[in-house]
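J.:
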């Protein structure tokens with residue numbers, strides 16, 4: 552009897568688990584996209600260029616923006 556209940560519950564939970572997996576994958580893909588955009592933007596700021604005169608001031612400013 553317990554085995555039948557377990558099987559029934561597994562069948563009821565399976566669609567919910569599949570939906571949650573889909574949501575997690577979607578959120579993960581969105582995070583990857585945002586992280587890539589942030590990385591590209593971050594690499595383009597002045598401290599990573601040779602002609603930057605005050606790199607630490609730029610980094611401090613960018614750090615404050617992130618917070």
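Numbering (the numbering used here), first residue to last: 552 to 618.
Virtual Cβ for every residue (Gly too), placed ideally from N, Cα, C.
Could you have a look at residue 579 and say whether DSSP puts it in helix, strand or coil?
T.: helix
J.: Any idea what DSSP makes of residue 604, helix, strand or coil?
T.: coil
J.: According to DSSP, is residue 552 helix, strand or coil?
T.: In the structure shown, residue 552 sits in coil (DSSP, three-state: anything other than H, G, I, E or B).
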